[in-house]
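The structure appears below as structure tokens.
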Amino acid sequence: MTAPHGTRHAPLRARSADEDGFDDLIHAPVRLRACAALDSVREIEFGALQTLLDISKSALSKHVSALADAGYVTQRRAVRDTRQRVWLRLTPAGRAAYRGHVAALHRIVGRADA
Amino acid sequence: METIEPVNQEEASAALASIRDSRRRLAWSGYPAWYWPATGAALGTLSYTIELSSWWALAASVSVAAALVTVALAAGRARGVCEGWAAGAVKQRDRIVLYVPAAVVMLAGAAASKVASWTPIAAAVLLFALFAGTGLTLSARAARR
Numbered sequence: 005m006t007a008p009h010g011t012r013h014a015p016l017r018a019r020s021a022d023e024d025g026f027d028d029l030i031h032a033p034v035r036l037r038a039c040a041a042l043d044s045v046r047e048i049e050f051g052a053l054q055t056l057l058d059i060s061k062s063a064l065s066k067h068v069s070a071l072a073d074a075g076y077v078t079q080r081r082a083v084r085d086t087r088q089r090v091w092l093r094l095t096p097a098g099r100a101a102y103r104g105h106v107a108a109l110h111r112i113v114g115r116a117d118a
Numbered sequence: 083m084e085t086i087e088p089v090n091q092e093e094a095s096a097a098l099a100s101i102r103d104s105r106r107r108l109a110w111s112g113y114p115a116w117y118w119p120a121t122g123a124a125l126g127t128l129s130y131t132i133e134l135s136s137w138w139a140l141a142a143s144v145s146v147a148a149a150l151v152t153v154a155l156a157a158g159r160a161r162g163v164c165e166g167w168a169a170g171a172v173k174q175r176d177r178i179v180l181y182v183p184a185a186v187v188m189l190a191g192a193a194a195s196k197v198a199s200w201t202p203i204a205a206a207v208l209l210f211a212l213f214a215g216t217g218l219t220l221s222a223r224a225a226r227r
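If you read the sequences in order, they're chains A and B. Sequential numbering of the first sequence, starting at 5, is according to the working numbering. Sequential numbering of the second sequence, starting at 83, is according to the working numbering.
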């Protein structure tokens, strides 16, 4: 039986998704928008994602760390124009978790429509 | 650890809307100012050179196609976005709005070239204006949101 969405789960690092694909870690608004952007492309520079989400550098760092700790995002450092830049990419596990979460959201909307 | 309250239909709908908004912003924002005019000019030039039947025209077409790829890669680096082989954030409807009128103008120019010699040039100029105008408009709209 699937646990209701409000229940407390095992620690995020171990598991954050319900059996139906709903993922508490991804569902936080900023992380959801970040994952939506990352899912559309191969990788995004940290600064570009910060501009897109319109949040502070420290706030984005916190969210990226949470996603990275869960194994959903990888970070790659590269130098361009003498400045070091960080590129972010969804891992296969992160992409699967994000898509599962979106499917779960669609099911919730559809269930209520039925 | 943060916990999430039970998600109802309204919250799920809002979450899906935020996903769509994030994808739309990613698709159209952050382009450098030169990208749309440069790509429009390259497409216009390409539509003209492929009409000409000579070796230099073929070489010019290949060069312009290579320039198009270079411009796209440079814009990606400037935006801080690498699309790779991913499907991309641009929706099918937006692709149609951007590329179909340009393709129609290109085909119309090719068909009309048999009637008057100046039509490929007019088509190239129109294609440039259409592509650059549509791209700049969509980017500006995404930036305002």
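C-beta atoms are modelled at their ideal positions from N, C-alpha and C, and glycine is treated no differently. This structure is a prediction, so every number in the text was calculated from the model and none was measured.
Next on the checklist: Just to confirm, is the Cβ distance from B:Ala206 to B:Tyr130 under 7 Å?
Outcome noted: yes
Checklist entry - Hey, is A:Leu109's beta-carbon within less than 7 Å of any beta-carbon in chain B? => result yes
Checklist entry - According to DSSP, is A:Ile48 helix, strand or coil? => result strand
Next on the checklist: Just to confirm, is the Cβ distance from B:Thr122 to B:Phe213 under 7 Å?
Outcome noted: Sequence check: residue 122 of chain B is Gly here, not Thr. Taking 7 Å as the Cβ cut-off, B:Gly122 and B:Phe213 qualify as a contacting pair.
Item to check | Beta carbon proximity, B:Gly162 to chain A, threshold 7 Å | outcome: yes
Item to check | Buried/exposed call for B:Ala225, threshold 16 Cβ in 10 Å | outcome: exposed
Checklist entry - Of the choices B:Val187, B:Leu128 and B:Ala139, whose alpha-carbon is the least far from that of B:Leu208? => result B:Val187
Checklist entry - Is it buried or exposed for B:Thr219, if we count other Cβ within 10 angstroms and need 16 for buried? => result exposed
Item to check | Cβ-Cβ distance between B:Val163 and A:Ala72 below 7 Å | outcome: no
Item to check | Under the three-state DSSP convention, the category A:Thr78 falls into | outcome: strand
Checklist entry - Which residues of chain B have a Cβ atom closer than 8 Å to the Cβ of A:Arg37, listed in chain order? => result Ser100, Ile101, Asp103 and Ser104
Checklist entry - Around the C-beta of B:Glu92, are 16 or more other C-beta atoms found within 10 angstroms, so that it is buried, or is it exposed? => result exposed
Item to check | Neighbourhood of A:Arg80 by C-beta, 6 Å cutoff - its chain only, sequence neighbours within 5 removed | outcome: Trp91
Checklist entry - So does the stretch 86 to 106 of chain A actually touch the stretch 33 to 44 of chain A, counting three or more Cβ pairs closer than 8 Å? => result yes
Next on the checklist: Beta carbons nearer than 8 Å to chain B: which residues of the stretch 83 to 113 of chain A have them?
Outcome noted: Arg84, Arg89, Trp91, Val106, Leu109, His110, Ile112 and Val113
Item to check | Proximity of B:Leu98 and A:Leu56 at Cβ, strictly below 7 Å | outcome: no
Item to check | Alpha-carbon spacing of A:Ala32 relative to B:Ser100, whole angstroms | outcome: 11 Å
Next on the checklist: Does B:Val163 come out as helix, strand or coil in the three-state DSSP assignment?
Outcome noted: strand
Next on the checklist: Using beta carbons (cut-off 7 Å, strictly below), is A:Ile59 in contact with chain B?
Outcome noted: no
Checklist entry - Taking buried to mean at least 16 other C-beta atoms within 10 Å of its own C-beta, is A:Gly25 buried or exposed? => result buried
Checklist entry - Is the CB of B:Ala97 under 7 Å away from at least one CB in chain A? => result yes
Next on the checklist: Mapping the DSSP letters down to three states, classify B:Val153 as helix, strand or coil.
Outcome noted: helix
Item to check | 8 Å Cβ cut-off: residues of chain B touching A:Leu56 | outcome: Ser104, Arg107, Leu108, Ser111 and Gly112
Next on the checklist: In whole angstroms, give me the CA-to-CA distance for B:Ala211 and B:Arg102.
Outcome noted: 29 Å
Item to check | Same chain, Cβ closer than 7 Å to B:Pro114, neighbours up to 5 away in sequence not counted | outcome: Ala157 and Ala160
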